[in-house]
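Engineer: I'd like to ask some things about the structure below.
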Amino acid sequence: MTTEMYIKQLAQALESLPAQERADVLAYYTEFLEDASEAEREALGTPETLAQRILHDSGIGSTPSDTPPAPAHRNLALYIVIAVVTSPIWLSLLVAFWAIVLSCVITLGVLLVALGAACLIGIIGGIVVAVALGDIGQLLFGVGSGLLCGGFFLLLAKPLVWLMGKLCWGAAVGCRKLWQCIF
12 MTTEMYIKQL AQALESLPAQ ERADVLAYYT EFLEDASEAE REALGTPETL AQRILHDSGI
72 GSTPSDTPPA PAHRNLALYI VIAVVTSPIW LSLLVAFWAI VLSCVITLGV LLVALGAACL
132 IGIIGGIVVA VALGDIGQLL FGVGSGLLCG GFFLLLAKPL VWLMGKLCWG AAVGCRKLWQ
192 CIF
């Protein structure tokens, strides 16, 4: 096909473009085709295909028809059979993984509760023992150790809660990706 013929068909296919933009595109491709090799001409495709790409890039047209559609799951039955056959392996690994995540979350939660309880028990216990025994040293020791545990609680509460949330979120995202990979 000659350059003039190609440009004429391209101009007809680009009628929906504004006049100035169409003139610029046609001038560019006229110059390109005059200097292009045979391989470069073939890489452009047909005038209609090129027009679809240009229209799509300018936001006017739909996606080019020569782009392949997204792959469909043609072998869904095969995937299901593989998932069922290998389920003793991946299901036990999934259960073990969730057990580890759950035990980490529970351990971190228990640590927070223990620090909070130690704070309250130290302060209240120090006051009660000091009142019962009349010893100011017991009061200072009890309240001091309670405040120390309270400080650790306040220091570790936000990072531990963040870590528990991160563990749960990461586990959920990992399982979702695994599920998408399998199916």
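To get the numbering used here, take the position in the sequence shown, counting from 1, and add 11.
Backbone N, C-alpha and C fix where the C-beta goes; we use that ideal spot for every residue, glycine too.
1. If you drop the 5 nearest sequence neighbours on each side, which residues of the same chain put their C-beta closer than 8 angstroms to that of Ala22?
2. Could you check whether Phe152 and Gly127 sit closer than 9 angstroms to each other, using their CB atoms as the reference points?
3. Glu26 by DSSP, collapsed to three states: which one?
4. Would you kindly work out how many angstroms separate the C-alpha atoms of Leu189 and Ser156, rounded to a whole number?
5. Excluding the 5 residues flanking Tyr40 on each side, which residues of the same chain have their C-beta closer than 6 angstroms to its C-beta?
6. Would you kindly work out how many angstroms separate the C-alpha atoms of Asp77 and Trp173, rounded to a whole number?
7. Below 8 angstroms CB to CB, which residues in the same chain sit around Thr14 once its five sequence neighbours on both sides are set aside?
8. Under a three-way DSSP split, which group does Gly181 fall into?
9. Where does Glu26 land, buried or exposed, given buried means 16+ other C-beta within 10 angstroms?
10. If distances are taken between C-alpha atoms only, which option among Ala94, Ile93, Leu123 comes closest to Gly162?
11. Between Val112 and the rest of its own chain, which residues show a CB-CB distance below 6 angstroms, the 5 nearest in sequence each way excluded?
12. Tell me whether Thr13 sits in a helix, a strand or coil according to DSSP, three-state version.
13. Just the Cα atoms here: how many angstroms apart are Gln20 and Arg52?
14. Please say whether Ala141 and Leu150 have beta carbons closer to each other than 9 angstroms?
15. Around the C-beta of Ile100, are 16 or more other C-beta atoms found within 10 angstroms, so that it is buried, or is it exposed?
16. Would you kindly report the start and end of the unbroken alpha helix (DSSP H) that includes Gly120?
17. Do Met175 and Val116 count as a contact pair if the criterion is CB distance below 9 angstroms?
18. In this structure, does DSSP put Ile65 in helix, strand or coil?
Structural biologist: So, from the listed chains and residues:
1. Within the sequence shown, the letter at position 11 stands for residue 22. Correct list, in chain order: Arg33, Leu37.
2. Working through the sequence shown from its first residue, we reach residue 127 at position 116. Working through the sequence shown from its first residue, we reach residue 152 at position 141. No, these two residues do not count as a Cβ contact at 9 angstroms.
3. For the purposes of this step, residue 26 is identified with residue 15 of the sequence shown, where counting begins at 1. Looking at Glu26 - three-state DSSP - the assignment turns out to be coil, as it is neither helix nor strand.
4. Here residue 189 refers to the residue found at position 178 of the sequence shown. Here residue 156 refers to the residue found at position 145 of the sequence shown. Leu189 and Ser156: Cα-Cα distance of roughly 47 angstroms.
5. For the purposes of this step, residue 40 is identified with residue 29 of the sequence shown, where counting begins at 1. Excluding residues within five positions, none has a Cβ falling inside 6 angstroms.
6. Reading the sequence shown from its first residue, position 66 is the one you call residue 77. Reading the sequence shown from its first residue, position 162 is the one you call residue 173. Interpretation of Asp77 is limited by its pLDDT of 49, a score under 50 that renders its predicted location unreliable; the figure taken from the coordinates is listed afterwards. Distance between the alpha carbons of Asp77 and Trp173 is about 48 angstroms.
7. On the sequence shown, residue 14 is found 3 positions in, with the first residue counted as 1. Excluding positions up to five away in sequence, the list reads Thr41, Leu44, Glu45.
8. What you label residue 181 is simply residue 170 of the sequence shown in a count that begins at 1. If DSSP states are grouped into helix, strand and coil, Gly181 belongs with the helices.
9. Looking up residue 26 in the sequence shown gives position 15. Glu26 is exposed by the Cβ-count criterion.
10. Taking the sequence shown and counting its residues from 1, one reaches residue 162 at position 151. Of Ala94, Ile93, Leu123, the residue nearest in Cα terms is Leu123.
11. In the sequence shown, residue 112 corresponds to position 101, counting from 1. Leu178, Ala182.
12. Translated into positions along the sequence shown, residue 13 becomes position 2. In the structure shown, Thr13 sits in coil (DSSP, three-state: anything other than H, G, I, E or B).
13. Here residue 20 refers to the residue found at position 9 of the sequence shown. Here residue 52 refers to the residue found at position 41 of the sequence shown. Looking at the two C-alpha atoms, the distance is approximately 15 angstroms.
14. The count along the sequence shown starts at 1 and reaches residue 150 at position 139. The count along the sequence shown starts at 1 and reaches residue 141 at position 130. Closer than 9 angstroms, so yes.
15. In the sequence shown, residue 100 corresponds to position 89, counting from 1. With fewer than 16 Cβ atoms within 10 Å of its Cβ, Ile100 is classed as exposed.
16. On the sequence shown, position 109 is the one that residue 120 refers to. Run containing Gly120: 98-144, per the alpha helix (DSSP H) assignment.
17. As a working note, residue 116 is residue 105 in the sequence shown. As a working note, residue 175 is residue 164 in the sequence shown. Closer than 9 angstroms, so yes.
18. For the purposes of this step, residue 65 is taken as residue 54 along the sequence shown, with counting starting at 1. In this structure, Ile65 counts as helix in the three-state DSSP scheme.
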